[in-house]
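> Residue numbers (our numbering), protein chains in the order written: chain F, 1 to 664; chain R, 1001 to 1664.
For every residue, glycine included, the Cβ atom is placed at its ideal position computed from N, Cα and C.
Sharing a structure below in structure tokens format, with a few things to ask.
There are 2 protein chains.
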Amino acid sequence: MADNPLVVFTPSGRRGRFALGTPLLTAARQLGVDIDSVCGGRALCGRCQVVVGEGSYPKHGIESRPDHVGGETEVERRLRARNRKFAADRRLSCQAVIRGDLVIDVPADSQVHKQVVRKRAEARRIELDPIVTLHYVEVDQPDMHDPAGHFERLKRALAREWGLGDLTADLQVLQSLHEALTKGEFKVTVAVRGGARLLHVEPGFHDQLFGLAIDVGSTTIAAHLCNLQTGDVVAAAGAMNPQIRFGEDLMSRVSYVMMNPGGDKELTRVVRAAIQSLAEETAREAGVALSDILEIVLVGNPIMHHLILGIDPTPLGGAPFPLATDGAVDLWASELDLRLNRDTRAYVLPCIAGHVGADAAGVVLSESPHQSDELMLVVDVGTNAEIVLGNKHKVLACSSPTGPAFEGAQISAGQRAAPGAIERIRIDRATLEPRFKVIGCDVWSDEPGFNGHVTGICGSGIIEAIAEMYLSGIINQDGVVDGAFAERSPRVIADGRTFSYVVHEGEPRLVITQNDVRQIQLAKAALYAGARLLMDQMGVNTVDRIVLAGAFGSHIDVMYAMVLGMIPDCDLAKVSAAGNAAGTGARIALLNKAARAEIETVVHRIEKVETAIEPRFQEHFVGAMALPHKTAPYPNLAKAVTLPAPKAATGPSGEAAQRRRRRG
Amino acid sequence: MADNPLVVFTPSGRRGRFALGTPLLTAARQLGVDIDSVCGGRALCGRCQVVVGEGSYPKHGIESRPDHVGGETEVERRLRARNRKFAADRRLSCQAVIRGDLVIDVPADSQVHKQVVRKRAEARRIELDPIVTLHYVEVDQPDMHDPAGHFERLKRALAREWGLGDLTADLQVLQSLHEALTKGEFKVTVAVRGGARLLHVEPGFHDQLFGLAIDVGSTTIAAHLCNLQTGDVVAAAGAMNPQIRFGEDLMSRVSYVMMNPGGDKELTRVVRAAIQSLAEETAREAGVALSDILEIVLVGNPIMHHLILGIDPTPLGGAPFPLATDGAVDLWASELDLRLNRDTRAYVLPCIAGHVGADAAGVVLSESPHQSDELMLVVDVGTNAEIVLGNKHKVLACSSPTGPAFEGAQISAGQRAAPGAIERIRIDRATLEPRFKVIGCDVWSDEPGFNGHVTGICGSGIIEAIAEMYLSGIINQDGVVDGAFAERSPRVIADGRTFSYVVHEGEPRLVITQNDVRQIQLAKAALYAGARLLMDQMGVNTVDRIVLAGAFGSHIDVMYAMVLGMIPDCDLAKVSAAGNAAGTGARIALLNKAARAEIETVVHRIEKVETAIEPRFQEHFVGAMALPHKTAPYPNLAKAVTLPAPKAATGPSGEAAQRRRRRG
């Protein structure tokens, strides 16, 4: 008898000889080749598609031909008719049987552990391996000779067909079993969580499994609905955090709770309702049934974390800021009043410390300083900046109270990033005339077609305006608006005892005041001081790479952030924006179960630095008030842009006048 | 320097030398001596009492004297003043320090793993080792330098002081942590479940821990409230199962559900409400706060099991009687709508098969045939008799549809066991005159002082009446009431076409009719046939020991049960009544966590025999209609009582007359 045919699977390279007539899926499983399947080889799910190699493969010493697998079966014909993803050159590995030597390619979309595509080249790869998995199974019917319960017969079938070990089931699943089993004629699709818990049972074959990643910020809530079988984001939506009506920033919300007993329940109620709305909105947009969302992952700062969980955040309002827990929390979505599937679970990422929350843990998961060879500084810019510094040997974290200036609050012309907001500014070094770009208009203000709709200045616009004022000499290194320029340009005007710069004449008139500059200086000094404190702790004076995270961080020009001295000097090619990294971290934990264990371990390794009790923080803060810094060198920045020489204000400034008056 | 003093602990015999000044509790722990403590050695709980030996101990070669431990401390004096259990000869081992050689006796009540007293000498011993344990702990206060959350600091303290590993906590506990910790000034008492779950947190020192064992029968519900720190039953109560208004027996309740969609919800609601009432009643009686009941254990037949859990029992109404699960169920008491402590957990024993429920599992746990050297037959007599036969090598189980006759239903003069019910009967062999005993009166009916309050005949009275009628010859082996006796005694009277025996003349007049005899014959034949089927399966003709379980089983005279042939022949000295063994099994699972794992394993080992599809059941049933049996020998019974020789009815009986008529 001749040898059994040789079958080689690519890209894994696994190979073996199999008896004629063996289904390809069986061969693949015996070799440990990663091929997806929900239906367990019953040609229902169409996931186990492979491409049969055609031609001679000298490397393997065989010739592979399409007729070396059996002909197309009736179920494949039917599936091809209704499933356009089932291309002509593909076969279902559960249907195709071995008839001769074969080279079989398993395309990426047929692998269980697919790589999820990320836009940024440097970002960590995500392997699709969600905590919830679907398994179609045919259960033994109950029998007088077999006293096993429905649950035990279901477990037996799952062990037999899927190799799943002893599962647990909660009461609600036990309550639903008889109906699901009889409705599906003892064929059901089960969702299993963590390989250990029978999470949900659907009658018959059911191939829909989704998850929701939620980033609850103080200002906005972002939701990403993901297909847990492909890793794709099928819908995304954002909403204002409705808690804003109880207080713009976190501390005012905690104050609200302190002043209004039971107010935490109200804050909890509205934020949960907003999450429910986002779930419904994304599900509607993607045409997904809410009941097919079986897993959600949440991140948020410590106060959001507590409020979502229904834990009174009051203790976080004052030193020593004790968290109820810094560990990850795993619970029913229904415990958060979310009405998805009755069996939906929720996972909340761990916090790092009382001021460094699950959102920072999400940022760490997304940017992975703990896996980096280079020393990375990751800054999540918000009302509280969360700052992480580290590499694979050591990771430090702190938070720094930047205040809301970067978001346009407490700035005279400040507004949120919305149509009409100035987001880019350039000031002519000679004439001091500004030109700018406005959200909602593609051209600059001095270009043809500019629509003239200007309503205010958003955070990135303010950063650029003040950096450009500095580069133009309008403000000096100490941030003083130089009154001498009032004589050179109508853009610099006296404004009470200080001077302002007029960005936009018209309705409304938009100016950058001395106070605006001070607010940004305070914010950026806090940010820098936090980062610097971590660098001290790490014993370094420079970092290899900087990532700016947060919605705001992804809109600012990193060069201007450095001109202001928000961040330490660094090769500008190695400073990048990561967007909503906290939300990305939530998505990673949604798509890959090992990422949960990873972040739970990593947060314990992270050394927390408490800025509030660190005397050097004040020192660093004072030094960092200057632009970009009083003493720290910025050699990389100097290569990219000409920084003004340090100088005192040449003309009168309101502040100087005040000082003179006090002396007099 | 002289040797350190030698300390010997009794009864364990563990010994060691310790430095002067070592507290006895520390010494005991180092030696692994089993001494109870909730407060961890802070003289709060008073549980670690020991008796200091006085005198010479040649066996140990030392002299032990009370002054070899330090003098009574202030805290001991205070405790002695308020705790009468702290006798004069006792010391707290956490306070007494080693000053010289010592023999220290650890009294039974100071041991963690106390033996719980059971009344029956042959019953298995219960070692107190409940799944929930209390631990007083002092938690590190939150600190700016220590970012750990409350939960993590609490876990750290529990690991440090109690050696507890990584615990989980549910959301509700996390929500309560800050308040409990601050209220208790970071001293709390925690309840830990299974050594793995932080179940509940109380501020300060809190030494109250109770559990509830519930046996839900079709007719009655029995509750035992237990102190989980002593094993004592502190209160017991019973109530009618309020589901009775939806149907007397199980099948009529299932029919109700089938006929009334949603009716299962109503049955679930009323049985849960009854359990809640019993919890409240027992707690009130014992002066226990409901919130100190942190664990409950439930048993019940499969239909009660499903209804308690809120699972539709309809499938159990017809073949193949599939259970939703035959495994144990562990859940929140609140999922059963029980309002005890928010953190109370419930455990439901596993079922054995669709007709052999968690009550039978409780009986197995209580009577432990699986640990027996002798072959034991355990019969739980009820509307469905559950029958277990086995020894440590093999255990078989079945259920048999006896119907409600044994409980007095379908019997003309039948009533429940209540004051006025005849429970014992003797018939004079010569005069055929009866004498009886009535519940609520201590003397027999022919004795001075009999109160004459007679209302009916309860189950045990019916058993004895029919057995005595047989022993007196009034009925023959086939159960026919012999009309010939009507000529000898006014007690035997024609009653339509058959004859009856008058037990009580008066108001009401109580008779045993031919139909009553037939009902008991049907019931006892079913019981015997089930037992016999298991004996066939086991390949035996006799058993070594018989246990009658169930409220009814504990009231009947085992000799009469054997005269009727309810059970096979056996040495009467080895036939005993176990009372509510199902409830006892629930109590064992409440008091000893290992018993849960044990019964979960044992039920899987039990071979189930389905009487409904076993052809030999019918054969055995027919043979067992005769008294005590048509063919099976009863040598042990014959030694105890003179059985009548088999004979046909000598006079006319209604049945015989009927047969004659048909022939004619």
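Flag Gly1318(R) as yes if its beta-carbon sits less than 7 Å from any beta-carbon of chain F, otherwise no.
Here residue 1318(R) is taken as the residue at index 318 of the second sequence, counted from 1. No, its Cβ sits nowhere closer than 7 Å to a Cβ of chain F.
> Counting pairs of beta carbons, one from the segment 1476 to 1493 of chain R and one from the segment 1395 to 1410 of chain R, are three or more of them closer than 8 Å?
no
> Find the residues of chain A that neighbour Glu1335(R), judging by a C-beta separation of less than 7 Å, and give them in chain order.
The chain labelled as chain A is not found among the protein chains of the depicted structure, namely F and R.
> Using only the alpha-carbon positions, how far apart do Asp373(F) and Pro261(F) sit?
Position 373 of the first sequence, counted from the start, is the residue given in the question as residue 373(F). Position 261 of the first sequence, counted from the start, is the residue given in the question as residue 261(F). When rounded, the distance between both Cα atoms is 49 Å.
> Relative to the C-alpha of Val1378(R), which residue among Glu1600(R), Ile1463(R) and Arg1532(R) is closest?
Indexing the second sequence from 1 puts residue 1378(R) at position 378. Nearest C-alpha to Val1378(R): Arg1532(R).
> Considering only their Cβ atoms, is the gap separating Lys1593(R) from Ile1293(R) smaller than 7 Å?
What you label residue 1293(R) is simply residue 293 of the second sequence in a count that begins at 1. What you label residue 1593(R) is simply residue 593 of the second sequence in a count that begins at 1. In this structure, the beta-carbon distance from Ile1293(R) to Lys1593(R) does not fall below 7 Å.
> For Arg596(F), collect the residues of the same chain with a Cβ closer than 6 Å to its Cβ; drop the 5 residues on either side in sequence, then sort them by chain order.
Position 596 of the first sequence, counted from the first residue, corresponds to residue 596(F). The answer, listed in chain order, is Ala589.
> Identify the residues that DSSP records as bridge partners of Glu72(F): which are they?
One-based indexing of the first sequence puts residue 72(F) at position 72. BP columns for Glu72(F) are empty, so no partner.
> Would a check of beta-carbon distances place Arg662(F) closer than 7 Å to chain R?
Counted from its first residue, the first sequence places residue 662(F) at position 662. Below a pLDDT of 50, predicted positions are generally treated as unreliable, and Arg662(F), at 45, falls in that range; no measurement from the model is reported.
> How about Gln208(F) and Arg342(F): do their beta carbons lie closer than 7 Å?
In the first sequence, counting from the first residue as 1, residue 208(F) sits at position 208. In the first sequence, counting from the first residue as 1, residue 342(F) sits at position 342. Against a cut-off of 7 Å, the Cβ pair of Arg342(F) and Gln208(F) comes out as no contact.
> Can you tell me the Cα-Cα spacing of Leu177(F) and Thr282(F), whole angstroms?
As a working mapping, residue 177(F) is identified with position 177 in the first sequence. As a working mapping, residue 282(F) is identified with position 282 in the first sequence. Their backbone Cα atoms lie some 29 Å apart in a straight line.
> Just checking: is the beta-carbon of His1305(R) within a distance shorter than 7 Å of some beta-carbon in chain F?
Position 305 of the second sequence holds residue 1305(R). No - not a single Cβ of chain F is within 7 Å of the one on His1305(R).
> Measuring alpha carbon to alpha carbon, tell me which of Met1144(R), Arg1269(R) and Ala1353(R) ends up nearest Ile613(F).
Within the first sequence, numbered from 1, the residue matching residue 613(F) stands at position 613. Of the candidates Met1144(R), Arg1269(R) and Ala1353(R), the one whose C-alpha sits nearest the C-alpha of Ile613(F) is Met1144(R).
> Hey, would you say Ile98(F) sits closer than 7 Å to Val50(F), going by beta carbons?
Here residue 98(F) refers to the residue found at position 98 of the first sequence. Here residue 50(F) refers to the residue found at position 50 of the first sequence. No, the Cβ-Cβ distance between Ile98(F) and Val50(F) is not below 7 Å.
> Is the shortest distance between the beta-carbon of Phe151(F) and the beta-carbons of chain R less than 7 Å?
By 1-based counting over the first sequence, the position of residue 151(F) is 151. Taking Cβ atoms only, chain R reaches closer than 7 Å to Phe151(F), which makes this a yes.
> Within 7 Å of any Cβ in chain R, is that where the Cβ of Lys608(F) sits?
Residue numbering aside, residue 608(F) sits at position 608 when the first sequence is read from its first letter. So yes, Lys608(F) belongs to the interface.
> For the pair the segment 245 to 259 of chain F and the segment 182 to 198 of chain F, tell me if three or more CB-CB distances fall below 8 Å.
no
> Could you check the C-alpha separation between Phe1086(R) and Gly1071(R) for me, to the nearest Å?
Along the second sequence, read from residue 1 onward, the residue named residue 1086(R) stands at position 86. Along the second sequence, read from residue 1 onward, the residue named residue 1071(R) stands at position 71. Whole-angstrom Cα-Cα distance: 16 Å.
> Can you name, in chain order, every residue of its own chain whose Cβ lies under 8 Å from the Cβ of Arg29(F), other than the five neighbours on each side?
Within the first sequence, residue 29(F) is the residue found at index 29, counting from 1. Closer than 8 Å at Cβ, skipping near neighbours: Ile35.
> Residues of chain F with CB under 9 Å from Leu1209(R), in chain order?
Working through the second sequence from its first residue, we reach residue 1209(R) at position 209. Those do not exist, as Leu1209(R) stays about 24 Å from chain F at its closest Cβ, beyond 9 Å.
> Measuring only between beta-carbons, confirm whether Ala1353(R) sits less than 7 Å from chain F.
Start at 1 with the first residue of the second sequence, and residue 1353(R) comes out as number 353. Residue-level contact by beta carbon holds for Ala1353(R) and chain F, with a gap shorter than 7 Å.
> Do you know offhand how far Pro1005(R)'s Cα is from Arg1156(R)'s?
Within the second sequence, numbered from 1, the residue matching residue 1005(R) stands at position 5. Within the second sequence, numbered from 1, the residue matching residue 1156(R) stands at position 156. Distance between the alpha carbons of Pro1005(R) and Arg1156(R) is about 34 Å.
> Is the number of C-beta pairs between the segment 568 to 586 of chain F and the segment 429 to 443 of chain F that are closer than 8 Å three or more?
no
> Taking all protein chains shown into account, do 16 or more other C-beta atoms lie within 10 angstroms of the C-beta of Met469(F), making it buried, or fewer, making it exposed?
Start at 1 with the first residue of the first sequence, and residue 469(F) comes out as number 469. Buried, since its Cβ has 16 or more Cβ neighbours within 10 Å.
> Tell me which residues of the segment 1358 to 1377 of chain R have at least one Cβ-Cβ distance to chain F shorter than 8 Å, keeping chain order.
none
> Can you tell me whether Asp337(F) is buried or exposed? The criterion is at least 16 other CB atoms within 10 Å of its CB, across all chains shown.
Locating residue 337(F) in the first sequence gives position 337, where the first residue counts as 1. Exposed, by the Cβ-count rule.
> In terms of residue numbering, what span does the beta strand (DSSP E) encompassing Ala413(F) cover?
In the first sequence, residue 413(F) corresponds to position 413, counting from 1. Segment: none, Ala413(F) is in no beta strand (DSSP E) and carries neither H nor E.
> Within the same chain, show all residues whose beta-carbon is closer than 7 Å to that of Arg1663(R), passing over the 5 residues directly before and after it, in chain order.
By one-based count along the second sequence, residue 1663(R) stands at place 663. Low confidence applies to Arg1663(R): its pLDDT is 43, below 50, so where it sits in the model is not reliable, and the reading given next is rough at best. If we look at Arg1663(R) and ignore the five residues flanking it on each side, it has no Cβ neighbours.
> Whole angstroms are fine: how far does the CA of Lys1608(R) sit from the CA of Pro1615(R)?
Against the second sequence, residue 1615(R) aligns to sequence position 615. Against the second sequence, residue 1608(R) aligns to sequence position 608. Near 15 Å, if we compare the C-alpha coordinates of Lys1608(R) and Pro1615(R).
> If we define contact as Cβ-Cβ less than 7 Å, is Asp1143(R) a contact residue for chain F?
Residue mapping note: residue 1143(R) aligns to position 143 of the second sequence, counting from 1. Closer than 7 Å to some Cβ of chain F, the Cβ of Asp1143(R) qualifies, so yes.
> On the CB-based measure, 16 or more other CB atoms within 10 Å of its CB, does Pro1147(R) come out buried or exposed?
Working through the second sequence from its first residue, we reach residue 1147(R) at position 147. Classification of Pro1147(R): buried, given that the 10 Å Cβ count is 16 or more.
> Could one say the Cβ of Ile1308(R) lies closer than 7 Å to chain F's Cβ atoms, at least one of them?
Along the second sequence, one-based indexing puts residue 1308(R) at 308. No, because no Cβ of chain F sits closer than 7 Å to the Cβ of Ile1308(R).
> Here's a check: name, in chain order, each residue in its chain whose Cβ is nearer than 8 Å to the Cβ of Arg1509(R), leaving out the five neighbours to either side.
Against the second sequence, residue 1509(R) aligns to sequence position 509. Contacts found: Val1502.
> Kindly list the residues whose CB is nearer than 7 Å to the CB of Ile311(F), restricted to its own chain and excluding five residues on each side of it in sequence; keep chain order.
As a working mapping, residue 311(F) is identified with position 311 in the first sequence. The answer, listed in chain order, is Ala324.
> Counting only runs of 4+ residues fully inside the segment 491 to 570 of chain F, write out the alpha helix (DSSP H) ranges in chain order.
514 to 538, 550 to 553 and 558 to 564
> Please go through the segment 1316 to 1394 of chain R and give each complete beta strand (DSSP E) segment of 3 or more residues, from N-terminal end onward.
For the segment 1316 to 1394 of chain R, whole beta strand (DSSP E) runs of length 3 or above, ordered along the chain, are 1329 to 1332, 1345 to 1348, 1376 to 1380 and 1385 to 1391.
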